[in-house]
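Quick mapping for you: the protein sequence lines, in order, are chains A and B. One point on numbering: in this note's numbering, the residue at position 162 of the first sequence is 164, and numbering is uninterrupted. One point on numbering: in this note's numbering, the residue at position 130 of the second sequence is 131, and numbering is uninterrupted. From the three backbone atoms N, C-alpha and C, an ideal C-beta is built for every residue, glycine too. Quick caveat, the model's predicted, so the values are computed rather than measured. Below is one structure, written out as structure tokens; the observations come after it.
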Amino acid sequence: MMADSSLPAVPERPSAMTATARGAGRFVRALMREPTGAVGLVLIVVLLGVALCAPILPLKDPLKLYIDHRLQAPGAEFWLGTDQVGRDMLSRVIWGARASLAIGLAAVAIGVVLGTAIGLIAGYKAGTWTDELLMKTMEVLASIPLLIWAIALVGITGTDTIHVAGIALSNETKLVLLIGVLYAPGLARLTYGLARAEVQAEYVAARRLQGASATRIVLSDVLPNIISPVLVQATLLLGVTIIVEASLSFIGLGVQPPTPSWGAMLSDSRALIFTDFWWVSIFPGAAVFASVLAFNLVGDGMRTILDPRRRRRVADATQGGAA
Amino acid sequence: MRIFSRLLSSLMLLVVVSAMLFAMCRATPVSPARLTLGSDASADQIASFNRQHGLDRPVVAQYGAWLTHAATLDFGHSYVSGNDIGPEIADTLPGTVELVTLSFVLTLVMSIFLGTIAALKEDGAADHMLRIAAIVGLSIPSFWLGLLLIRYVALKTGWLPVGGLVPWADGIGAHLGSLILPVLTMSVYYIAVLSRLVRTNMVDALSQDYIRTARALGLPRGRILVYALKNALPSLVSTAAMSYGYMFGWALIVEQIFNLPGVSRALLAAIFQRDYPAVQAIVLVITTIFIVSNGCADLVQGVLDPKVKRT
Chain A
3 MMADSSLPAV PERPSAMTAT ARGAGRFVRA LMREPTGAVG LVLIVVLLGV ALCAPILPLK
63 DPLKLYIDHR LQAPGAEFWL GTDQVGRDML SRVIWGARAS LAIGLAAVAI GVVLGTAIGL
123 IAGYKAGTWT DELLMKTMEV LASIPLLIWA IALVGITGTD TIHVAGIALS NETKLVLLIG
183 VLYAPGLARL TYGLARAEVQ AEYVAARRLQ GASATRIVLS DVLPNIISPV LVQATLLLGV
243 TIIVEASLSF IGLGVQPPTP SWGAMLSDSR ALIFTDFWWV SIFPGAAVFA SVLAFNLVGD
303 GMRTILDPRR RRRVADATQG GAA
Chain B
2 MRIFSRLLSS LMLLVVVSAM LFAMCRATPV SPARLTLGSD ASADQIASFN RQHGLDRPVV
62 AQYGAWLTHA ATLDFGHSYV SGNDIGPEIA DTLPGTVELV TLSFVLTLVM SIFLGTIAAL
122 KEDGAADHML RIAAIVGLSI PSFWLGLLLI RYVALKTGWL PVGGLVPWAD GIGAHLGSLI
182 LPVLTMSVYY IAVLSRLVRT NMVDALSQDY IRTARALGLP RGRILVYALK NALPSLVSTA
242 AMSYGYMFGW ALIVEQIFNL PGVSRALLAA IFQRDYPAVQ AIVLVITTIF IVSNGCADLV
302 QGVLDPKVKR T
């Protein structure tokens, strides 16, 4: 560190992997300092942990019917009670998390990959026919209202597994593909706007002069500079997807029984809405709410960290403190 | 000129999207004839069903015929009942439009009100509380909120009906009363989204030099607020219009929960009876509303904000 004070210290160039890991670590620490981000992050970790560990947790079988214990109130044996056919609510709520999270993560992943790829390519080739073609396609997809098309897709192809060009598509896969593709335009527009501005920057011209290929410039120079707002958006979309999936399962068009899902559990509870059996509608709904809340809290925390106005204020404050 | 080009592009979008819808509706695992007539129908019966519904013609011709008929609000016949689909939509759609429009108006009023308060008290207690409230509002699934409202408001207090719609004929008060909970269920999410946007734009507008000048000149606070709102609201028009279109999707779920007569009943009935022309027609109508409201938003924004016109 203090080797020779007359020369500027030249940091060793970290490999891309360690740089990413270090960046992620810094990001998580910053997030934990934001109240909303910290609560959300803890909730997500718990949620993912419980969902992943469902098979090894000491839970009752979510499909087993304890006929003698139908509609049992929450208690020592059934922590969250049982439903009208005597299934254990706790294990159904936990197993339901798997379907929700898997569908959410898969759909958003498709949206992010498609959206950023298209936005980056169109942004880098701004003004060419590639740009025109890609962004016009996005405009078409953006004029499709998601929920009603999801309802129509399942309504038309049925809830059974279908075969398209020899590939078997389960109902969940169909929905993931549709939702993912319909998320692409929003994310593509966001990336496009950011990428277009970024491509004008001098460092991109410098990289071109150095002979870097377009792919390299876009992936290793432009992408890292614009990815943050995209990730905020993706986090918020995860919450939206969980609600969409639960809503579809609620009207019988999403995750199909016997697979436990929060939406289907709420649908079952509708018949009991006028009775004293409150737990059948409270717990699955609270599970949807808590998981969506977790992603929205993290999204809010991320946005606060990345907000340039706040950054400036923090920088001003530290400078003021130093002076 | 701008109106014309915008109209043309909306029309093009509609043609392309309707073609995609048409293609999706052909992706049925079993042919409509087989589905409607049953598995023991003879080849002759299937051929005559296909002829009757035009299914023996080339797909492009079928699409062309469907689209040109749909443009004159003729959506063909139901496979199941044989009735015209157009009148059925005309019967059920107004209920949904009413629910969505009331929710939209409530959303706009509440968002502007709450967003402005948050912006005026930037970083104050009210701002932080509204921020938390907005995150909660974004996270609560509307169908669960609907169930909770039925259980803990309608049922507990007995002031509001737990479901169903009181017709206009029984008095406006009772009619609107039966829509309070559904409208609330629909609006919470969009109030959360839009009030945050109003806040961001208002904070921006309030920090501009012209507001400082207006304050220095000693203009009344209300007047200053109007100036700020005039500059903060135009950029919200497109998001608001998109919300209007999306609300039709959520209305399908909310109508189910509150047992309201609307297009959702027709759509779900069509889905469970595998009545494809009806599904196709209803989805086309709602998609058209979505595209038209987005197109109108563009025009309105152009009028409100002259900067948009230049781009």
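For residue 166 of chain A, the uninterrupted beta strand (DSSP E) segment begins and ends at 164-166. A straight-line Cα-Cα distance of about 21 Å links residue 125 of chain B and residue 216 of chain B. Beta bridge pairing from DSSP links residue 240 of chain A with no other residue. With respect to the C-alpha of residue 38 of chain A, the residue from B:133, B:87, B:229 having the closest C-alpha is B:133. For residue 99 of chain B, the number of other beta carbons within 10 angstroms of its own is at least 16, and it is reported as buried. Going by C-alpha positions, residue 29 of chain A is about 31 Å away from residue 128 of chain A.
Between residue 223 of chain B and the set B:85, B:118, B:19, B:153, the nearest pair of CA atoms involves B:118. Proximity of residue 159 of chain A to chain B, defined by a Cβ-Cβ separation below 7 Å, is satisfied.
Less than 7 Å separates the beta-carbon of residue 293 of chain A from that of residue 244 of chain A. Residue burial annotation: residue 115 of chain A is exposed, with fewer than 16 other C-beta atoms found within 10 angstroms of its C-beta.
Between residue 159 of chain A and residue 267 of chain B, the C-beta gap is not smaller than 7 Å, which leaves the two residues out of contact.
Around the Cβ of residue 130 of chain B, a 10 Å sphere holds fewer than 16 other Cβ atoms; the residue is exposed.
In this chain, the alpha helix (DSSP H) harbouring residue 292 of chain B covers 277-305.
Counting along the chain, residue 171 of chain A sits inside the beta strand (DSSP E) bounded by residues 169-171. Using a CB distance cut-off of 7 Å, residue 149 of chain A counts as an interface residue toward chain B. Contact annotation, residue 106 of chain A with residue 299 of chain A: C-beta distance approximately 15 Å; criterion of less than 8 Å not satisfied. When the beta-carbon positions are compared, residue 255 of chain B and residue 183 of chain B come within less than 7 Å of each other.
In the DSSP annotation of this structure, the continuous segment of the alpha helix (DSSP H) that includes residue 265 of chain A starts and ends at 264-271. Classified as exposed, residue 55 of chain A has fewer than 16 neighbouring CB atoms from the shown chains inside 10 Å of its CB.
Looking from the CA of residue 164 of chain A, the closest CA among B:20, B:246, B:31, B:15 belongs to B:31. Nearest to residue 53 of chain B by alpha-carbon distance, out of B:37, B:41, B:61, B:177, is B:37. For the segment 151-164 of chain B, the beta-carbon criterion of a distance under 8 Å to any beta-carbon of chain A is satisfied by 151, 152, 156, 163. If you ignore the 5 residues before and after residue 52 of chain A, its C-beta comes within less than 7 Å of the C-beta of 96, 99, all in its own chain and listed in chain order.
Taken in chain order, the complete beta strand (DSSP E) segments of 3 or more residues contained in the segment 161-222 of chain A are 164-166, 169-171. Annotation: the segment 113-161 of chain A contains the following complete segments of the alpha helix (DSSP H) (minimum length 4 residues), in chain order: 131-144, 148-159. In the DSSP annotation of this structure, the continuous segment of the alpha helix (DSSP H) that includes residue 191 of chain B starts and ends at 173-207. Within chain B, the residues 136, 137, 139, 140, 141 have their CB atoms less than 9 Å from the CB of residue 295 of chain A, given in chain order.
The Cβ of residue 297 of chain B sits no closer than 7 Å to any Cβ of chain A. In terms of Cα proximity to residue 272 of chain A, the closest of B:35, B:11, B:163 is B:163. Looking at A:252, A:262, A:257, the one whose alpha-carbon comes closest to that of residue 258 of chain B is A:252. In the three-state DSSP reduction, residue 302 of chain A falls in the helix class (H, G or I).
If only complete runs of 4 or more residues are kept, the segment 109-152 of chain B shows the alpha helix (DSSP H) at 126-140, 143-150, in order along the chain. With a threshold of 16 other beta carbon atoms within 10 Å, residue 23 of chain A falls short and is exposed. Put simply, the CB of residue 16 of chain B is far from chain A, with every gap to its CB atoms at 7 Å or more. For residue 252 of chain A, the nearest CB of chain B lies under 7 Å from its own CB, placing it at the interface with that chain. Under the Cβ criterion of 7 Å, residue 28 of chain B is counted among the residues facing chain A.
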